[in-house]
Amino acid sequence: MSGDHIHPAPTSFLRKHVFSTDHKVIARQFMWLGLIWLLVGRGMAMVIRWQLANPGVPVPFVGHLLWARSGGVLPPDSYNTLFTMHGTIMIFLGLTPLLIGAFGNFCIPLMIGARDMIFPTLNMLSFWTVVLGAGVAFASLFVPLGAAEGGWTAYPTLSSTIGTPGRGERMWAIAVFLIGASSIMGGINYITTTIRLRAPGMTYTRLPMTVWGLVLTAALNVLFLPVIGSAMILMVLDRVFGTTFYVPASMTQGGAGDPILYQHLFWLFGHPEVYILILPAWGIVVDLLSFFSRKPAFAYKVTLGVMVSITILSAA
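So this is what it looks like as structure tokens:
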């Protein structure tokens, strides 16, 4: 194993357990972050399902506490908020930290024979950037007029100041931008680590499928998360500084933008996102089947070719 890329041993509690550069510690941090937010998102899903199954009936346990003015019944604007934040949390703060952050940090160095990620400090910053994004998303639940209500896709004009007034939608866009920046940092680390720190004899056609799934996902993240990041920046500019990137002339005097621009930017990221989430799971399943059957992975090169082809086609 390579001994050139290893950080010094931590000398304090904070460096060992909080601001650690050890890939295993960071993996556990991503795991707990994802699990906590999955519980939050699951709670929101249960409230949504209660409202659909029992319209007009107070929500048990939390209804009279959270929606006292409506007698414990979920109001329409709160339903829209829960719907929006549930989708955002499950994708960006649940699945992404668990499937990519935790599994990537645990598996890649161990499976390729490296002692750690090639950029340990960047790895640490990746985790704390997503924590910052999660904090902004959580804080948006408590601002005047509530959190985002424009759906997790946030199409204008629903996400404009006319469709959703207040600071919640703006904070949602900032949170998505920060979470995307975290994934870009992680993607750069995953790709570079796999290329540069493979053990002697670990050729590309000997890499475990789990590593291939994570590396291909990292490539999609690095290529397409800047697109959704740019979409979020334009949304914040529209909402805060009065620009009109997404505001058509028919809505306000002087508007010269187009809501369809946002949809193009969103789905340039949104279509690869489907495969960003499935490729790591695909690689893990292949390796699990191989391990428990005590046989080499069936049609390894064919499977790898298919995974690479899907990665390329997802960008089409």
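The sequence shown stops at residue 399 when you use this note's numbering, and every number in between is there.
Heads up, the beta-carbon is just placed ideally off N, CA and C, and yes, glycines get one too.
Own chain residues within Cβ distance below 8 angstroms of residue i, not counting five before or after
i      : result
Pro227 : Gly249 and Arg250
Phe186 : Ala110, Thr293, Leu297, Pro363 and Ile367
Gln134 : Val142, Leu157 and Tyr162
Ile393 : Tyr358 and Leu362
Val43  : Absent from the structure is residue 43, since the part of the chain shown begins at 84 and ends at 399.
Tyr383 : Thr288 and Met292
Lys107 : Asn188 and Phe189
Contact belief for residue i with residue j at Cβ below 8 angstroms, rounded distance in angstroms
i      : j      : result
Ile131 : Leu165 : 5 angstroms
Glu252 : Ala220 : Contact flag wrong, Cβ pair sits at about 12 angstroms.
Leu351 : Phe307 : 6 angstroms
Ser266 : Ile183 : 7 angstroms
Tyr238 : Gln346 : 6 angstroms
Same chain, Cβ closer than 7 angstroms to residue i, five either side skipped, listed in chain order
i      : result
Leu178 : Leu360
Pro355 : Leu303, Phe307, Ser397 and Ala398
Met268 : Leu205, Leu208, Ser209 and Thr212
Thr247 : Ala231, Glu232, Gly233 and Leu241
Asp160 : Gly229 and Glu232
Gly155 : Pro141, Val142, Gly146 and His147
First and last residue of the uninterrupted alpha helix (DSSP H) at residue i
i      : result
Leu348 : Pro342 to Ser376
Ala301 : Met292 to Phe324
Met390 : Tyr383 to Ser397
Leu234 : A small correction: the amino acid at residue 234 is Gly; Leu does not occupy that position in the sequence shown. Segment: none, Gly234 is in no alpha helix (DSSP H) and carries neither H nor E.
Leu261 : Gly251 to Arg279
Leu215 : Pro203 to Ala222
Gly146 : Gly146 to Leu149
Below-9 angstroms beta-carbon distance, residue i vs any chain D residue
i      : result
Ala237 : Structure shown: chain D not included; a single protein chain is present.
Contacting residues, own chain, Cβ-Cβ under 6 angstroms from residue i (five flanking each side not counted)
i      : result
Met173 : Gly124
Phe260 : Gly312 and Met315
Gly270 : Ala301, Asn304 and Val305
Trp235 : Thr167, Gly170 and Thr171
Ser373 : Ala380
Gly117 : Gly177, Pro180 and Leu181
- Query: Do the segment 243-257 and the segment 282-295 meet, that is, are 3 or more Cβ pairs less than 8 angstroms apart?
  - Reply: no
field: Stretch-stretch touch, CB-based, cutoff 8 angstroms, three pairs: the segment 322-332 with the segment 207-225
entry: no
Contact between the segment 145-157 and the segment 191-201 (3+ Cβ pairs under 8 angstroms):
no
Fill in: Length-filtered (4 minimum) alpha helix (DSSP H) runs lying within the segment 97-136
106-136
- Message: Threshold first: 4 residues or longer. Then list the alpha helix (DSSP H) segments lying entirely within the segment 160-201, N to C.
- Response: 186-195
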